[in-house]
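Enquirer:
Chains as they are written, first to last, in the numbering used here: chain X, 1 to 207; chain F, 208 to 414.
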């Protein structure tokens, strides 16, 4: 434990060093940076966290983070409401939105099935997904966009069995060699799959 | 700019991404982490910053960060008040304290002389250092512990000329090969100086 000459400084550094990936040296740097700002900046910083925590809601339809009952994506008339993209986390929604390649709706599971971590289907937003599919005749496709891990595969399989009875299209995101990667450094499983699931040559399918 | 589904989330991420070394992805990770905490944790986090900013003071003697007029180091009867270690920044005080090798007092300059950045001697806590040396007969040595850069050297020289008339010992921290470093990777200037300023062999001087 460092020997801080100020208890207030020590308290602030301790709070920051509880954040994920922030060590004590970084925490000190961040706190000393804030200390050099004016009161308005400090209040805005501090209030942004409190306001978010107090007022944030999760979309009643897709469980995405939102400012009101229905999130901006679910509420937008410009989105394609025939497709639902199932993701693990809010961050995945932001990542997919940033690609600019998807214009449908989302469904945030809030995790993936992981027996090792004690997370089963009942802990995830799966019932509400099945409800959406069963009650919205608009929906024609569900895209499963989960991590390409053992847990992701398990969850994909579980969801597939739940969605299959509705006889709509179920797809998974493409797995293969990342764009810009060199083949010799790709892992064997990915490389093997990328050959099995090869797609017909088409100028638009490559960069 | 990312397409956040929540303005509150966006506001908090923007505040965090203004911190030094924190990009937008890291900011989002930190904010989502805080969002998962309970209200008490959030309030404690947020108040730690505001309280520090509102109540922090700088030691009237050494300009170190403090909770009261005289910092814990200046106020401690266990410190050796015959030595003053001159440093650039509060972080340097903490770094030296963490070594556990120094038991004297400090003087925080608040920067170093840097004509390129428009920082001259008048912008630094130099007058108060000269005042301390002139008025405290206890002081027998001043250690200059500034960065080993051009600016640090300039500041060392300026301080030396100011302190010299008081006929007390002025020393600078040792420059040489860092412990654990291999010679072949050391830069030439450091290696050259480490030979010129070699010290007599003594078991206690090496690791």
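All residues carry an ideal CB built from backbone N, CA and C; glycine is no exception.
Excluding the five sequence neighbours on either side, which residues of its own chain have a C-beta within less than 8 Å of the C-beta of residue 320 of chain F, listed in chain order?
Expert: As a position in the second chain, residue 320 of chain F is number 113, starting the count at 1. So the qualifying residues of the chain are 326, 327, 328, 331, 358, 361, 362, 365.
Enquirer: Is it buried or exposed for residue 208 of chain F, if we count other Cβ within 10 angstroms and need 16 for buried?
Expert: Counted from its first residue, the second chain places residue 208 of chain F at position 1. The pLDDT assigned to residue 208 of chain F is 49, lower than 50, so where the model puts this residue is not dependable, and the model offers no usable value.
Enquirer: From which residue to which residue does the alpha helix (DSSP H) around residue 340 of chain F run?
Expert: As a working mapping, residue 340 of chain F is identified with position 133 in the second chain. From DSSP, the alpha helix (DSSP H) with residue 340 of chain F extends over 334 to 342.
Enquirer: Could you run through the segment 274 to 292 of chain F and flag, in chain order, every residue whose CB is less than 8 Å away from some CB of chain X?
Expert: Listed by position along the chain: 274, 278, 279, 280.
Enquirer: Quick one: what's got a C-beta closer than 7 Å to residue 59 of chain X's C-beta in the same chain, skipping five residues either side?
Expert: In the first chain, the residue the question calls residue 59 of chain X occupies position 59. The answer, listed in chain order, is 66, 70, 71, 74.
Enquirer: Just curious, the beta strand (DSSP E) that residue 82 of chain X is in, first and last residue?
Expert: Mapped onto the first chain, residue 82 of chain X falls at position 82. Run containing residue 82 of chain X: 80 to 87, per the beta strand (DSSP E) assignment.
Enquirer: From the beta carbon of residue 91 of chain X, is the nearest beta carbon of chain F less than 9 Å away?
Expert: As a first step, residue 91 of chain X is located in the first chain; it is residue number 91 there, counting from the start. At least one chain F Cβ lies under 9 Å of residue 91 of chain X.
Enquirer: Looking only at its own chain, which residues have a Cβ that is under 6 Å from the Cβ of residue 177 of chain X, when we skip the five neighbours before and after it?
Expert: Within the first chain, numbered from 1, the residue matching residue 177 of chain X stands at position 177. 186, 194, listed in sequence order.
Enquirer: Whole angstroms are fine: how far does the CA of residue 181 of chain X sit from the CA of residue 139 of chain X?
Expert: On the first chain, residue 139 of chain X is found 139 positions in, with the first residue counted as 1. On the first chain, residue 181 of chain X is found 181 positions in, with the first residue counted as 1. Each residue's alpha carbon lies about 35 Å from the other.
Enquirer: Determine whether the beta carbon atoms of residue 141 of chain X and residue 169 of chain X lie at a separation below 9 Å.
Expert: The count along the first chain starts at 1 and reaches residue 141 of chain X at position 141. The count along the first chain starts at 1 and reaches residue 169 of chain X at position 169. The answer is yes: Cβ separation under 9 Å.
Enquirer: Quick check on residue 311 of chain F: does DSSP put it in helix, strand or coil?
Expert: Position 104 of the second chain, counting from 1, holds the residue named residue 311 of chain F. Residue 311 of chain F: strand per DSSP, three-state reduction.
Enquirer: With H, G and I counted as helix, E and B as strand and the rest as coil, what does DSSP make of residue 414 of chain F?
Expert: Here residue 414 of chain F is taken as the residue at index 207 of the second chain, counted from 1. For residue 414 of chain F, the predicted model reports a pLDDT of 48, less than 50, meaning its position is unreliable and no value from the coordinates is stated.
Enquirer: Within its chain, find whatever has a CB closer than 6 Å to the CB of residue 314 of chain F; leave out the 5 residues flanking it on each side and keep chain order.
Expert: As a first step, residue 314 of chain F is located in the second chain; it is residue number 107 there, counting from the start. Same-chain partners within the cutoff: 269, 291, 293, 336.
Enquirer: Look up residue 141 of chain X in the DSSP assignment and give the residues it is bridged to.
Expert: On the first chain, position 141 is the one that residue 141 of chain X refers to. Its beta-bridge partners are X/83, X/169.
Enquirer: Report all residues from its chain with a CB closer than 6 Å to the CB of residue 207 of chain X; omit the five preceding and five following residues, and keep chain order.
Expert: Along the first chain, read from residue 1 onward, the residue named residue 207 of chain X stands at position 207. Here residue 207 of chain X scores only 49 on pLDDT, less than 50, and its place in the model should not be relied on; the value that follows carries that caveat. Cβ neighbours of residue 207 of chain X beyond the five flanking positions: 179.
Enquirer: Among the candidates X/133, X/33, X/9, X/161, whose CA atom is the shortest distance from the CA of residue 264 of chain F?
Expert: Indexing the second chain from 1 puts residue 264 of chain F at position 57. For the residues X/133, X/33, X/9, X/161, the minimum Cα distance to residue 264 of chain F belongs to X/9.
Enquirer: So with CB distances below 9 Å, who are the chain F contacts of residue 44 of chain X?
Expert: Numbered from 1 along the first chain, position 44 holds the residue referred to as residue 44 of chain X. Simply 218, 222.
Enquirer: Is residue 212 of chain F close to chain X? Criterion is C-beta to C-beta, closer than 9 Å.
Expert: For the purposes of this step, residue 212 of chain F is identified with residue 5 of the second chain, where counting begins at 1. Yes, residue 212 of chain F lies at the interface with chain X (some Cβ there is under 9 Å from its Cβ).
Enquirer: Short of 8 Å in beta carbon distance, which residues of its chain neighbour residue 191 of chain X, apart from the five on each side in sequence? Order them along the chain.
Expert: For the purposes of this step, residue 191 of chain X is taken as residue 191 along the first chain, with counting starting at 1. Counting only Cβ-Cβ distances below 8 Å, and skipping sequence neighbours, we find 177, 183.
Enquirer: First and last residue of the alpha helix (DSSP H) that includes residue 357 of chain F?
Expert: Here residue 357 of chain F refers to the residue found at position 150 when the second chain is read from its first residue. Per DSSP, residue 357 of chain F belongs to the alpha helix (DSSP H) from 357 to 370.
Enquirer: Leaving out five residues on either side along the sequence, give the residues of the same chain with a beta carbon under 7 Å from the beta carbon of residue 42 of chain X.
Expert: For the purposes of this step, residue 42 of chain X is identified with residue 42 of the first chain, where counting begins at 1. For residue 42 of chain X, where only same-chain residues beyond five positions count, the Cβ hits under 7 Å are 34.
Enquirer: Please check if any C-beta of chain F sits within less than 9 Å of the C-beta of residue 101 of chain X.
Expert: Your numbering for residue 101 of chain X matches position 101 in the first chain. No - not a single Cβ of chain F is within 9 Å of the one on residue 101 of chain X.
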